[in-house]
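Same order as they appear, the protein sequences are chains A and P. 5 is the number of the first residue of the first sequence in the numbering used here; add one for each residue after it. 5 is the number of the first residue of the second sequence in the numbering used here; add one for each residue after it. Ideal placement from N, C-alpha and C gives every residue a C-beta, glycine not left out.
Number of protein chains: 2
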Amino acid sequence: MKIDSVDLFYLRMPEVLDIGDGSQDALLVRVTAGGFVGWGEAEASPLTSIASWIAPMSHSACHPVIDSVMGENIDSPADVFAIARKVRANSFYAIIQSDLTLSGIEIALWDLLGQMKGEPIWKLLGYKTAERKLPYASVLFGDTAAETLQKAIDIRKQGFSAIKFGWGPFGRFGVEADAEHIFAAREGIGQDAHLMIDGGTIFDEDVEAAALRLPALSQANVLWYEEPFAAAALSAYGELSRRTPQVKLAGGEGAHNPHQAEHLIDHGGVGFVQIDTGYIGGIGDAYRVAQYAKARGVQFVNHTFTSHSALSASLQPFAGLKDSWITEYPMEPKSLCVELTVDKIEVESDGMITIPDRPGIGLEINLAAVKKYLVDTEIKVAGKVLYKTPTV
Amino acid sequence: MKIDSVDLFYLRMPEVLDIGDGSQDALLVRVTAGGFVGWGEAEASPLTSIASWIAPMSHSACHPVIDSVMGENIDSPADVFAIARKVRANSFYAIIQSDLTLSGIEIALWDLLGQMKGEPIWKLLGYKTAERKLPYASVLFGDTAAETLQKAIDIRKQGFSAIKFGWGPFGRFGVEADAEHIFAAREGIGQDAHLMIDGGTIFDEDVEAAALRLPALSQANVLWYEEPFAAAALSAYGELSRRTPQVKLAGGEGAHNPHQAEHLIDHGGVGFVQIDTGYIGGIGDAYRVAQYAKARGVQFVNHTFTSHSALSASLQPFAGLKDSWITEYPMEPKSLCVELTVDKIEVESDGMITIPDRPGIGLEINLAAVKKYLVDTEIKVAGKVLYKTPTV
């Protein structure tokens, strides 16, 4: 079937705070073909990605994403892969934001295909079953160690046996202060739960500074030490990984193509590779990384800090992998992301989650929420309107 | 001095063709402080980069570039480095286009500082002298081998003793056809000239396909084999570099931060690292790569396919390095890029070029050309105009 329409929507909270919370706005994509509708979200600055969607061509390697999507056919997984390849081939230079834009569109195409075939995406990818996963609560550190302790206690009470703390004060107030937060987190969740720490790239490429946190991390028996460095600082990851056989490194959310994730495995020495399908290029590219990781004994983990539709999209690529058993679960998303889907992926009584066995993403988008948070946007070049917020 | 204004201009040719020619549009940046004016160009989709300049903040890691530049002070090289670091720290996630936008702004800041201090940028970077460089003519392959031959003859006649052919038909019509082009190029320029071949990323990550071209490249005694693969395909570069001790690989123009260029040296095995200051983050980041390359016996080469102001900006980071003696020289830029500067970096009678020993970039921007090619652009979000083409 021919793609009939592709619409990008910029959604946002009435107020956006200067904190490490990616759920404050969203770039939502809707694709239609043959009466079917698919939805996807990109983890991207909405306005910047909208510009990459419709920007006038600069040269043959710098097409807007729209040039490679409109008018294409979609009848099979091969068609989705072909469209993604076409975007990469036409938009690989000077319009790097297009990698993120592609991600949202590609997910919407998979969702659309799932609706057409009446199958969940993980089945279209070739998995026979969707393994249940252990969700970890992903939260920001408290401003004080006492706050972190209380957060940990509360989350454990909610039934989570795996918790990740990150960002906020970490790395900003010295080694001692960080240790206090780490020990408070461990104390709050108990010795029998999984604890992960997210550095939020705070040490950029400073291996010594990142290494100073290793004793506390090791003592608190953390499962992984995430993103101490900038996403691209492969050599720093590699050096730190050789110093810390006890605490495994994690990273990958900044990978905007599968190569970068693969290099983080090969040269960065991570034990966990964390992929956001809304960033790396979509579900197909995330699936490629999941297979690559599996073959090398590295655990694939989703990166999701936003909506449950984004969560479902991020679960599809490793749904069938038994050894990749832990999954990021957004705990404190803003109301925009809470309201975006009608149904949710709930944490069940045994603390596990089940990936939907319904067509496509398996969750229904709440059109009322789309309308509620929609931001009216217009881009005009040389007197011509290239983008105007579409009707929901 | 406090930065008074930063203006981004979208320039473009009346007609933009779907060919591998990056000189058909430009993102020009003007910065003013204390009555001084600096100019820079980013190698970027202008509209997409303008969006990344003013996009509403998404979260603490996804600020628009403007948030880290306006209101800052600029009195020394350290201030330029500090502003660049601030942009990277505030805009590293989900707004990846900002790396390119930063590049144009950072160059304009160096130019401004040069005007303030009355010094060329290479002196501000610490170089005592600017070495003369051998310019190579950088052109697209002809559509046929006969056309490539004629182009090579013509360029040699113009006084060039180093020529690079790339893009166009290369990699699209089989190994034989490519060999014909390569041999035609060699025949046209003569045995005593330097010949380089640019694959234009045509083989993506297909090492076998790229390797099939090695015999002809070796027989034609090419100096380097450039970008056979996608910029991010490090492993493919690494594998091919181990197969071709005779023909050195080159790459790096796709690096949008210094890490990527350094990894191409460390893991990709390139013998030449090609950096565009308008892409990698500016002159400071390019300088970092130049020093890194020098320490590892790798030649630093500029990537420049556009204007002479972009050429001068790309020459500054390795101006003082004797061992990095060859430089890309744009041969067929569109009139926009020809007219953008009042003066030029001319090829001298001995076939060499001299880096300007004048304040800043050392070339004067032609305001009439800026006005002539200016594209009227407006971005409106939630009823508010966030960007409107500034007055020249």
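Own chain residues within Cβ distance below 8 Å of Q154 of chain P, not counting five before or after: G146 and G192
If P173 of chain P sits next to A181 of chain P, beta carbons under 8 Å apart, how far is it from one beta carbon to the other, in whole angstroms? 7 Å
Given D289 of chain P, which residues of its chain have a CB within under 6 Å of its CB, disregarding the five upstream and five downstream residues? P262
For L319 of chain P, tell me which candidate among P:L138, P:V33, P:S222 and P:I99 has the shortest Cα-Cα distance. P:L138
State the DSSP-derived secondary structure class of I269 of chain P, mapped to helix, strand or coil. helix
Between K90 of chain P and chain A, is any beta-carbon pair separated by less than 9 Å? no
Helix, strand or coil: which one does DSSP assign to Y296 of chain P? helix
As a quick exercise: from A:T36, A:G42 and A:E352, pick the residue whose alpha carbon is nearest that of A314 of chain A. A:G42
Below 7 Å CB to CB, which residues in the same chain sit around H67 of chain A once its five sequence neighbours on both sides are set aside? M61, N94 and S95
So if DSSP puts Y391 of chain P in a beta bridge, which residue, or which two residues, is it bridged to? P:I383
For R362 of chain P, decide whether its Cβ has a neighbour in chain A, counting only Cβ atoms nearer than 9 Å. no
Is there at least one Cβ from chain P nearer than 9 Å to M61 of chain A's Cβ? yes
Would you mind stating whether I349 of chain P and P360 of chain P have Cβ atoms separated by less than 9 Å? yes
Grouping DSSP H, G and I as helix and E and B as strand, with all else coil, what is D29 of chain P? strand
Under a three-way DSSP split, which group does W329 of chain A fall into? coil
Between P81 of chain P and I167 of chain A, what straight-line distance do the alpha-carbon atoms span, to the nearest angstrom? 44 Å
Please confirm whether P334 of chain P and S53 of chain P have their CB atoms less than 9 Å apart. no
Along the chain, where does the alpha helix (DSSP H) that runs through Y229 of chain P open and close? Here Y229 of chain P belongs to no alpha helix (DSSP H); instead the beta strand (DSSP E) covers W228 to E230.
Give me the Cβ distance between A98 of chain A and S239 of chain P, rounded to the nearest whole Å; I'm assuming they're in contact under 8 Å. Contact flag wrong, Cβ pair sits at about 24 Å.
Could I get the ranges of all uninterrupted beta strand (DSSP E) runs contained in the segment 162 to 190 of chain A, with 3 residues as the minimum, in chain order? 166 to 170
Is G44 of chain A helix, strand or coil when you go by DSSP? strand
With DSSP as the reference, label I357 of chain A as helix, strand or coil. strand
With DSSP as the reference, label I78 of chain A as helix, strand or coil. coil
Looking only at its own chain, which residues have a Cβ that is under 6 Å from the Cβ of G227 of chain A, when we skip the five neighbours before and after it? Strictly speaking, residue 227 of chain A in this sequence is Leu, with Gly absent from that position. Once the five neighbours on either side are set aside, the close Cβ partners of L227 of chain A are H198 and M200.
Spatial neighbours of S165 of chain P within its chain, please: CB distance less than 6 Å, with the 5 preceding and 5 following residues excluded, ordered by chain position. A197 and G355
Of the residues that make up the segment 324 to 351 of chain P, which ones have a beta carbon closer than 9 Å to any beta carbon in chain A? none
Counting along the chain, where does the alpha helix (DSSP H) carrying K127 of chain A start and finish? I125 to L128
Looking at C-alpha atoms only, which residue of P:I100, P:G256 and P:D8 is the closest neighbour of A37 of chain P? P:D8
Residues in the segment 251 to 280 of chain A with C-beta within 9 Å of chain P's C-beta atoms, listed in sequence order? E257, G258, H260, N261, P262, H263, Q264, E266, H267, D270 and H271
Proximal chain P residues relative to A237 of chain A, where beta-carbon distance stays under 7 Å: H263
Between the Cα of Q28 of chain P and those of P:L12, P:R34 and P:E47, spot the shortest distance and give me the residue it belongs to. P:E47
Please report the residue range of the beta strand (DSSP E) in which K375 of chain P lies. Here K375 of chain P belongs to no beta strand (DSSP E); instead the alpha helix (DSSP H) covers L371 to Y377.
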